[in-house]
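Input: a single structure, listed below in structure tokens.
4 protein chains.
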Amino acid sequence: MSETAPSASGPASAPIEATPDAGHQHHGYISSKDDYLKRLRRIEGQARGLQNMVAEEKYCIDILTQVSAMTSALESVALGLLNDHLNHCVVEAVAEGGAVAEAKLKEASDAIARLVRS
Amino acid sequence: MSETAPSASGPASAPIEATPDAGHQHHGYISSKDDYLKRLRRIEGQARGLQNMVAEEKYCIDILTQVSAMTSALESVALGLLNDHLNHCVVEAVAEGGAVAEAKLKEASDAIARLVRS
Amino acid sequence: MSETAPSASGPASAPIEATPDAGHQHHGYISSKDDYLKRLRRIEGQARGLQNMVAEEKYCIDILTQVSAMTSALESVALGLLNDHLNHCVVEAVAEGGAVAEAKLKEASDAIARLVRS
Amino acid sequence: MSETAPSASGPASAPIEATPDAGHQHHGYISSKDDYLKRLRRIEGQARGLQNMVAEEKYCIDILTQVSAMTSALESVALGLLNDHLNHCVVEAVAEGGAVAEAKLKEASDAIARLVRS
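Residue numbers (my numbering), protein chains in the order written: chain C, 102 to 219; chain P, 102 to 219; chain W, 102 to 219; chain Y, 102 to 219.
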């Protein structure tokens with residue numbers, strides 16, 4: 102598969118070094134960017150597949166099964182990103198301590214709540 | 102927007118009449134196909150947007166917020182389709198009664214369980 | 102275990118016959134009332150167990166594991182009841198047809214949406 | 102109500118200082134133990150209420166509404182406890198660094214995944 106090729110030279114890796122000092126850019130916090138991109142491309146493909154299923158009026162239950170699979174795939178991506186976030190941004194903020202740490206922890210808790218409730 | 106145009110003449114509407122007797126084709130059960138297609142295109146766009154966010158290493162929490170929004174949008178589509186399914190396929194099967202009705206109800210319950218658990 | 106004993110003569114079974122004509126009483130729709138009561142008693146026990154864990158400041162992750170187990174148990178009960186509801190009340194309403202059927206289907210869809218989103 | 106009284110002098114506050122070195126005892130990590138206990142007692146009451154509703158064969162949709170409310174209440178407790186956990190145990194572990202920090206972060210991520218998926 103050429104799907105992992107971009108990790109070395111593709112558009113996914115280039116920006117990492119390109120904007121090292123942007124305020125809200127957290128370079129390197131994503132453990133395996135190409136893996137996430139691959140999974141998100143697959144999720145995009147599932148969204149397209151669902152459109153075909155609806156356009157062709159495929160059996161409703163089969164469409165719902167696909168939606169459940171897609172939701173699970175999305176949840177997995179979210180949990181992976183959250184894990185990376187805790188291990189990088191939150192750990193760094195905690196090391197800094199004080200208001201920065203508090204703000205990051207609050208922000209992470211809020212994101213977790215949104216995931217649990219969505 | 103031309104997004105609603107396909108409802109009159111696009112590929113989405115044509116097949117409705119074209120194969121009225123195919124076994125597992127449930128034509129007409131989807132209350133508003135173009136609305137679903139529009140929502141699914143938007144969800145596909147969200148999947149592409151997420152890829153950009155990951156590729157550019159946008160702030161993790163912002164990515165997670167987008168994932169939560171996308172999950173909610175997907176859930177909404179699923180609940181709408183399930184509602185259509187209950188109102189058409191299940192109602193018809195119940196009218197037929199017997200094993201057909203039982204099978205459809207079991208199938209619907211299983212789909213609901215997958216949605217609740219995903 | 103005496104947990105299944107009430108099925109024959111306990112307080113759970115007595116009321117079934119006692120008010121056969123009350124408007125909103127849907128006798129017999131619950132496939133296995135004693136099974137539900139047993140599961141709900143277990144869930145009540147889990148709620149009590151959680152209080153003990155919090156009172157004794159048990160390790161937070163262990164408490165969360167218990168909460169997840171309890172949530173899954175509750176979801177299972179809900180899915181079972183919903184299945185019973187579809188197979189009895191909704192089937193009967195569909196047989197009646199018209200506004201009654203529509204109202205029941207709408208009500209069921211709304212309940213499903215609440216379960217999926219909670 | 103005397104429900105809030107234990108917060109000042111009850112068994113909940115005393116142990117915080119009493120066993121500072123117990124391995125898996127994380128005294129003081131729960132921000133407001135009495136609030137959690139109150140909420141869990143209410144959840145226990147909901148579980149009892151559900152048993153009554155099932156025993157009396159209350160209308161299924163009303164039972165499901167109660168289950169949804171109870172699930173939301175449980176989720177809220179879980180999110181609160183998780184927040185406390187991140188702010189205490191995880192912060193302390195991160196301060197220690199190394200394998201301890203890693204293990205705590207992994208454990209927290211796993212607990213979050215269980216919550217999101219349950």
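Just so you know, even glycine gets a beta-carbon here, dropped at the ideal spot from N, CA and C.
Identify, in the order they occur along the chain, each residue of the same chain with its Cβ nearer than 7 Å to the Cβ of residue 198 of chain Y, setting aside the five sequence neighbours on each side.
Answer for residue 198 of chain Y: no residue qualifies.
Would you mind listing the alpha helix (DSSP H) stretches within the stretch 150–189 of chain C that are 4+ residues and don't spill past its ends, in chain order?
Those alpha helix (DSSP H) runs which fall completely within the stretch 150–189 of chain C and span 4+ residues are 161–186.
Determine the chain C residues that contact residue 200 of chain P at a beta-carbon separation under 9 Å, and present them in chain order.
Residues of chain C passing the Cβ test: none, with the nearest at roughly 17 Å.
Just the Cα atoms here: how many angstroms apart are residue 201 of chain C and residue 170 of chain C?
Taking the straight line from one Cα to the other gives about 37 Å.
Could you have a look at residue 198 of chain P and say whether DSSP puts it in helix, strand or coil?
Residue 198 of chain P: coil per DSSP, three-state reduction.
Quick one: using the 10 Å Cβ neighbour count with 16 as the cut-off for buried, is residue 207 of chain Y buried or exposed?
Label assigned to residue 207 of chain Y: exposed.
How would you label residue 212 of chain W, buried or exposed, when you count the other beta carbons within 10 angstroms and need 16 or more for buried?
By the neighbour-count rule (16 or more Cβ atoms within 10 Å), residue 212 of chain W is buried.
Can you name the residues of chain A whose CB is closer than 9 Å to the CB of residue 192 of chain P?
Of the chains in the structure shown, none is chain A; the protein chains are C, P, W and Y.
Name the residue from Y:217, Y:193, Y:183, Y:189 whose alpha carbon lies nearest to the alpha carbon of residue 163 of chain W.
Among Y:217, Y:193, Y:183, Y:189, the Cα nearest to that of residue 163 of chain W is on Y:183.
Determine, using beta carbons only, whether residue 68 of chain Y and residue 161 of chain W come nearer to each other than 8 Å.
This structure leaves residue 68 of chain Y out entirely; chain Y is present only between 102 and 219.
Assuming contact is defined by CB atoms lying nearer than 8 Å, are residue 172 of chain Y and residue 151 of chain W in contact in what I supplied?
No, the Cβ-Cβ distance between residue 172 of chain Y and residue 151 of chain W is not below 8 Å.
For residue 176 of chain P, go through chain W and note every residue whose CB falls closer than 9 Å to its CB, in chain order.
Those within 9 Å of residue 176 of chain P in chain W are 214, 217, 218.
Name the chain P residues whose beta carbon is nearer than 7 Å to that of residue 188 of chain W?
Correct list: 206.
Which chain C residues sit within Cβ distance under 7 Å of residue 156 of chain Y?
Going along chain C, no residue has its Cβ under 7 Å from residue 156 of chain Y, so there is no contact; the nearest lies around 31 Å.
For residue 133 of chain W, does the three-state DSSP call read helix, strand or coil?
Coil at residue 133 of chain W, not helix or strand.
Count the other C-beta atoms from every protein chain shown that fall within 10 angstroms of the C-beta of residue 219 of chain Y, then say buried if there are 16 or more, exposed otherwise.
Residue 219 of chain Y should be labelled buried.
Report yes or no: is there a C-beta of chain Y within less than 8 Å of the C-beta of residue 145 of chain W?
Yes, contact with chain Y.
Is there a C-beta anywhere in chain W that falls below 8 Å from the one on residue 168 of chain Y?
Yes - at least one Cβ of chain W is within 8 Å of the one on residue 168 of chain Y.
Am I right that residue 168 of chain P and residue 179 of chain C are in contact with their C-beta atoms under 8 Å? What's the rounded C-beta distance?
With 8 Å as the limit, residue 168 of chain P and residue 179 of chain C qualify as a contact, their Cβ atoms being about 4 Å apart.
If you run the structure through DSSP and keep just helix, strand and coil, what is residue 210 of chain P?
Here residue 210 of chain P sits in helix by DSSP.
For residue 132 of chain P, which residues in chain W fall below 7 Å Cβ to Cβ?
Neighbours of residue 132 of chain P on chain W: none; closest Cβ ~12 Å, over 7 Å.
If you measure from the beta carbon of residue 148 of chain C to each beta carbon in chain P, is any gap under 8 Å?
True, the Cβ-Cβ gap to chain P drops below 8 Å.
Counting C-beta neighbours from all protein chains within 10 Å, is the total for residue 157 of chain W 16 or more, i.e. buried, or is it exposed?
The residue is exposed, with fewer than 16 neighbouring Cβ atoms inside 10 Å.
Hey, would you say residue 137 of chain P sits closer than 8 Å to residue 155 of chain C, going by beta carbons?
Yes, the pair counts as a contact, with Cβ atoms nearer than the cut-off.
Please identify the residue among P:209, P:177, P:148 whose C-alpha is closest to the C-alpha of residue 192 of chain W.
It is P:209.
Would you decide whether residue 143 of chain Y is buried or exposed? Buried here means 16 or more other CB atoms lie within 10 Å of its CB.
So residue 143 of chain Y ends up on the exposed side.
Since residue 165 of chain P contacts residue 148 of chain C with CB under 8 Å, what's their CB separation in whole angstroms?
Actually they are not in contact, since the Cβ atoms of residue 165 of chain P and residue 148 of chain C sit about 19 Å apart, beyond 8 Å.
If you compare alpha carbons, which of Y:204, Y:214, Y:133, Y:185 is closest to residue 177 of chain C?
Considering only alpha carbons, the answer is Y:214.
Pick out whichever of W:204, W:181, W:134, W:159 has its Cα sitting closest to the Cα of residue 134 of chain Y.
Comparing Cα positions, the closest option is W:159.
Using the Cα positions of residue 145 of chain P and residue 181 of chain W, report the straight-line distance between them to the nearest angstrom.
Between residue 145 of chain P and residue 181 of chain W, the C-alpha separation is close to 34 Å.
Rounding to the nearest angstrom, what Cα-Cα distance links residue 205 of chain C and residue 153 of chain P in this structure?
Their Cα atoms are separated by approximately 23 Å.
Starting from the beta carbon of residue 173 of chain P, find every residue of chain C whose beta carbon is closer than 7 Å, and list them in chain order.
219, listed in chain order.
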